[in-house]
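To keep things clear, I will list the structure first and then write my remarks on it.
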Amino acid sequence: MKVQKLLKLLTQPNTLSSSDIPDLESLIKNYPYFYLAHALLAKVVYTQERDVEKHAVQRAATYAIDRTHLRMWLENKLVWSGVISAVGSKGMPEQSAAINNTNHLEDIAKQTIKKGTNAISRQQFRVIEHILNKPNLQWGTIESYEVPDALKNKDLSEQCTLVDDRFATETLAHIMVQQKKFKRAIEIYRCLIIKNPEKKAYLSSVIDELSHHLQ
0 MKVQKLLKLL TQPNTLSSSD IPDLESLIKN YPYFYLAHAL LAKVVYTQER
50 DVEKHAVQRA ATYAIDRTHL RMWLENKLVW SGVISAVGSK GMPEQSAAIN
100 NTNHLEDIAK QTIKKGTNAI SRQQFRVIEH ILNKPNLQWG TIESYEVPDA
150 LKNKDLSEQC TLVDDRFATE TLAHIMVQQK KFKRAIEIYR CLIIKNPEKK
200 AYLSSVIDEL SHHLQ
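All letters in the sequence shown, in the order written, are residues 0 to 214 by numbering that gives the first Met the number 0.
The structure is reproduced here in structure tokens:
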């Protein structure tokens with residue numbers, strides 16, 4: 000897919016159609032960690048191909064930095080074109096703007112690929128893809144309770160080394176629990192405590208409960 004076509008789809012998502020699906024799938028195949036491609040594919044199937052919507056939307060949500068924004072965009076409640084449109088409104092020549100946008104998107108793609116090439120990242124994405132392909136997937140629930148005193152003052156920062164923290168999400172932790180990989184799930188929850196200290200009480204209680212499975 001040419002960069003100018005990609006820019007048009009991003010700034011004018013209403014022009015997306017089923018004919019764009021092969022190009023987007025090819026783009027994802029070549030740049031598997033390029034989130035914008037996943038988001039566009041989710042958008043087109045969300046509006047055009049409802050029978051295959053679930054998998055594409057789940058995959059885009061898994062890679063999304065902010066799932067709320069993704070959902071708003073899918074439902075036409077959020078517009079991404081403002082930033083690019085604002086650049087053009089400052090009087091930048093059209094050709095120069097196109098070149099800058101092209102370079103910017105190429106930089107994004109390269110950075111995305113670079114960030115996703117380490118072994119841990121590839122393994123985590125393979126796990127996510129495998130789980131998303133399972134039919135009738137359901138999450139179990141874990142009830143929270145008072146955090147043990149031993150955990151309240153414990154420094155967990157040095158323990159957040161075994162999981163790439165960019166992919167440490169509650170969804171991934173749930174996947175590990177479903178697969179009974181409790182040690183891995185605990186590592187992810189410890190990373191989440193560092194990233195979200197306001198949720199320390201809840202996450203610590205989850206870790207404590209999961210620890211019982213290791214005894």
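Glycine included, C-beta positions come from ideal geometry on N, C-alpha and C.
Closest by C-alpha distance to residue i, when choosing among the options
i: K180; options: T46, I206, D65, V2; result: I206
i: L9; options: Y188, T67, Y34; result: Y34
i: T170; options: S204, R66, L15; result: R66
i: K7; options: Y30, A36, T46; result: A36
i: L26; options: P12, K1, S16; result: K1
CA-to-CA distance, residue j to residue i, given in whole angstroms
i: K194; j: I64; result: 13 Å
i: T61; j: Q214; result: 31 Å
i: N75; j: P196; result: 33 Å
i: A59; j: E186; result: 24 Å
i: S203; j: T168; result: 15 Å
i: P31; j: S17; result: 20 Å
i: N29; j: V176; result: 31 Å
i: A184; j: L209; result: 8 Å
i: Q178; j: L15; result: 37 Å
i: H212; j: Y201; result: 18 Å
i: A172; j: Y188; result: 7 Å
i: E24; j: I174; result: 25 Å
i: N13; j: M71; result: 14 Å
Where residue i sits in the DSSP three-state scheme
i: D22; result: helix
i: Q178; result: coil
i: T10; result: helix
i: I64; result: coil
i: Q214; result: coil
i: K1; result: coil
i: S16; result: coil
i: P31; result: coil
i: T170; result: helix
i: K198; result: helix
i: E186; result: helix
i: K42; result: helix
i: E74; result: coil
Cβ pair residue i, residue j closer than 8 Å
i: A55; j: L69; result: no
i: K182; j: I192; result: no
i: D19; j: V43; result: yes
i: Y220; j: L5; result: Past the boundaries of the shown model lies residue 220; the chain is included only from 0 to 214, so the question cannot be answered.
Check: residue i C-beta below 7 Å from any heavy atom of the ligand COA
i: H173; result: For the structure depicted, the ligand COA is absent and the ligand set is empty, with no information on it obtainable.
Minimum Cβ-Cβ distance from residue i to chain B less than 8 Å
i: V205; result: No chain B appears in this structure, which consists of one protein chain only.
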